[in-house]
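Participant: Right, I'll just put the structure down here and ask away after.
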Amino acid sequence: MYVYNDFDEAFVRERVAQFRGQVARRIDGSLTEDEFKPLRLMNGLYLQLHAYMLRVAVPYGTLNSAQMTQLAHLADTYDKGYGHFTTRQNIQYNWPDLRDVPDMLSDLADVGMHAIQTSGNTIRNVTADHFAGAAKGEIEDPRPVAELLRQWSTDHPEFQSLPRKFKIAVTGCEADRAVIRAHDIGLRVVRNGEGEIGYEVIVGGGLGRTPMVGKVLRTFLPKADLLPYCEAIVSVYNLLGRRDNKYKARIKITLHENGLEKIQDLVESRFEQIAPLFGGVDQELLAEIEHSFAAPAFVSKSVDGYEAARLANPAFRSWSDTNLAEHRADGYAIVSISIKKHGATPGDATSDQMRVMAELAARFGHDELRISHEQNVILPHVHKSDLPEIYAALRAADLATANIGLISDIIACPGMDYCALATARSIPVAQQIATRFDELKLEHDVGPLKIKISGCINACGHHHVGHIGILGLDRAGVENYQITLGGDGTQTTTIGERAGPGFGADDIVPAIERLVLGYLDLRSDSSETFLQAYRRLGAEPFKNILYPEKAQKNAA
Amino acid sequence: MPRAFTPKVITANALLEGDAIWFTQDDTWSRDIAEAEFITDEAHADIRLLEARADQSLVAGVYLAEAKLSDNGPAPTHFREAFRTRGPSNYAHGKQEA
């Protein structure tokens, strides 16, 4: 893992000191709220419905055990004993006192963390495949490049006042777990015909008010050109992006309004201009960074104990069937720890749970943890022989829910329970759906199904790319939930289609139940997933299930 | 024709803790909406908003919110403002905790 060098350390410490001064000046009245607001947002501090919220960056979702332990310390010392993992692989604290925030940032700096550029019209936390460095079939670990992008984008003088926020995601696999096609820039490691490593560069994806799937700007960008090329893209956007209308300011609109060809021409010519100026310094940096991401020394040992535990313990078997993914090393597995216990708040972990996960990473997982955009925690490198012990520890900490990729593994934004921008609540809907399907004991029968819930049009809950998406709105002063169907956030990214009129807060969970039970009748056999059935049959039969009265009328 | 003025309260967040507060008739800020000044006149609302915004050393994000009169005093009409008087629905945190 990357460890701060003297420059990083000094930079982050200086920012903490600056913010400490800014907070003091706000409290003594020297700064007005209008003056203070942009300063606090630069440091990840929002003012929400009930309290401040501090959003801490977890760069490309990677943490070590000391960092996770420190997140637990922050939760206990400055918050209410828990933290909320987000769809940008960050963690949010919902209850800090303004006076404590400089100390929180200082404690974060102690473990090489910060909250810089987790807000504002800047390049945000770079996200990555949460299985990076561990996934089978990966061409190259994308995190060194993500770290390079983090260093380049942090406090980049040209990009502190972009037309709008700017999000970059990277993956080293064909299988996309980082939703790269719904980002301002999505990067995928690829090999060309000569076997050289480079990137497919995707631009202009995004969810929100105007969801769009990103377009390929370059099918193969040589590895060494990455930083100047990204700088060229952001610089073209910085000049061309609209500043007259917040809702038309993202690069997806710039691309849409100007056309792919024009953007391509501008980026290529800007790239030619600036590439020589980099003079190879970026590649020297990258080489250093790559060293710190060297793969752990994997060992070869027996997995008999694991197989025996699977036979002996059905609960362990169910968990290992659901929560493990294939690792690139023999005998190893990638463990997804579900932060989605039925009925609990998606993405919320208590400080005790954070400490348990940190300890497991230290003891069994080469000291690595990941936060996934699906709001779960990953132990990326675990030998299968250690799994029975890990499972027992997770179970004791209420972290052994076997539901990864299933209906209760729901993404939900904080919604109107916390967020000042929300138009409706998301958390209670997620809680109720998970509880209901747990009662029905149908979750494993239903199989892979991604429900994603956003509490407003900004789509932090990724509802557009949920197989079933739920969008909470305010309809004449009442919470109302719109359903979208057929969305997909993987390498076959698809924006879901709106099913029809929205449902009231009391009707949304029964509507989802009707829809999912209806799918069980529609699928060709138990191996056909919800998304496959939707793609085969189209929206109509699913709409008929959601709106039976309308279907009846049409049939009459 | 302009829309008829509907009753309002002035609300904000406390500077240090960030929790919801309401502007009272005595120019103070209360943690309880029932103690807020109930404003039924548009011109008066404009003046009171200016007054509430004049000193922001203790508060942030001052705005007018729709309200109705209940037995206890002013009460929210919209669910968002109702949540602000309680706290989140997933934990008994915030005002409902006290």
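Protein chains in written order, with our numbering: chain P, 765 to 1320; chain V, 3 to 100.
Glycine included, every Cβ here is placed at the ideal spot set by N, Cα and C.
1. Would you say the stretch 928 to 936 of chain P touches the stretch 1239 to 1249 of chain P, given that touching needs at least three Cβ pairs under 8 Å?
2. Run through the DSSP bridge pairs and tell me what K979(P) is partnered with.
3. Note down, in chain order, every chain C residue with its Cβ under 8 Å from the Cβ of S72(V).
4. Please name the residue, chosen from Q786(P), L838(P), A1263(P), that lies closest to A1315(P) on a Cα-to-Cα basis.
5. Does W31(V) come out as helix, strand or coil in the three-state DSSP assignment?
6. I want to know whether the stretch 1163 to 1173 of chain P touches the stretch 1200 to 1216 of chain P - three or more CB-CB distances under 8 Å.
7. Please name the residues in the stretch 3 to 26 of chain V whose beta-carbon is closer than 8 Å to at least one beta-carbon of chain P, in chain order.
8. What does R82(V) touch in chain P if you count any residue whose Cβ is under 7 Å from its own?
9. For G847(P), would you say it is in contact with chain V, using Cβ-to-Cβ distances shorter than 8 Å as the test?
10. Suppose you measure from the CA of T918(P) to the CA of A1198(P); what does that come to, to the nearest Å?
11. Nearest CA to the CA of D34(V): which residue from F85(V), S91(V), Y93(V)?
12. Please look up how many angstroms separate the CB atoms of L1133(P) and L827(P), rounded, as I've assumed it's under 8 Å.
13. Looking only at its chain, what residues have a beta carbon closer than 6 Å to the beta carbon of V890(P), apart from the 5 residues adjacent to it on each side?
14. What residues from the stretch 786 to 816 of chain P come within 9 Å of chain V, judged by C-beta to C-beta, listed N to C?
15. For a contact defined as C-beta to C-beta under 8 Å, what are the partners of A100(V) on chain P?
16. What number of angstroms, rounded off, separates the C-alpha of V1229(P) from the C-alpha of Y963(P)?
17. Taking Q1195(P) as the query, report the chain V residues whose CB atoms sit under 8 Å from its CB, ordered along the chain.
18. Judging by CA-CA distance, which residue of I1272(P), Y1011(P), S999(P), P1078(P) is the nearest neighbour of E1036(P)?
19. Once you ignore the five residues that flank D840(P) on each side, which residues in its own chain have a CB closer than 7 Å to its CB?
20. Given a cut-off of 8 Å, decide if Y1001(P) and I1015(P) are closer than it, judged by their beta-carbon atoms.
21. For chain P, check one thing: does any of its Cβ atoms lie closer than 8 Å to the Cβ of H95(V)?
22. Report yes if the C-beta distance between M1324(P) and I1098(P) is below 8 Å; otherwise report no.
23. Closest to E773(P) by CA distance: which of T851(P), H878(P), D867(P) is it?
24. Can you list the residues of chain P that G89(V) reaches, using a CB-CB cut of under 8 Å?
25. By the criterion of Cβ-Cβ separation under 8 Å, what are the contact partners of A67(V) in chain P?
26. Is it true that the CB of L1019(P) sits closer than 8 Å to the CB of V967(P)?
27. Who are the neighbours of R86(V) on chain P, taking C-beta pairs under 9 Å?
28. For A62(V), which of helix, strand or coil comes out of DSSP?
29. Residues in its own chain within less than 6 Å of P1144(P) by CB, not counting five upstream and five downstream?
30. With distances taken from CA atoms, which of L52(V), G63(V), R55(V), D73(V) is nearest A22(V)?
31. From E37(V) to T26(V), what does the alpha carbon distance come to, in whole angstroms?
32. Give every residue of the same chain whose Cβ lies closer than 7 Å to the Cβ of Q1047(P), excluding the five residues on either side of it in the sequence, and list them in chain order.
33. When the Cα atoms are used, what is the spatial distance from Y842(P) to L835(P)?
34. Run through DSSP, which three-state label would I1168(P) get?
35. Can you tell me whether D48(V) is helix, strand or coil according to DSSP?
36. To the nearest angstrom, how far is the alpha carbon of A830(P) from that of A77(V)?
Facilitator: Inspection of the coordinates gives the following:
1. no
2. V967(P)
3. Note that chain C does not occur in the displayed structure, where the protein chains are P and V.
4. A1263(P)
5. strand
6. yes
7. N15, L17, L18, E19, G20, D21, A22
8. M1180
9. no
10. 38 Å
11. F85(V)
12. 5 Å
13. Y824, A910, L913, R914, I932
14. R790, I791, D792, G793, T796, E797, D798, F800, K801, L811, Q812, L813, H814, A815, Y816
15. Chain P residues near A100(V): none, gap ~12 Å exceeds 8 Å.
16. 24 Å
17. N92
18. S999(P)
19. S1115
20. yes
21. yes
22. Nothing can be reported for residue 1324(P), as the shown portion of chain P is limited to 765 through 1320.
23. H878(P)
24. H814
25. Simply none; closest approach about 12 Å.
26. yes
27. L813, H814
28. strand
29. A898, I1098, E1132, R1134
30. G63(V)
31. 6 Å
32. A988
33. 10 Å
34. coil
35. helix
36. 47 Å
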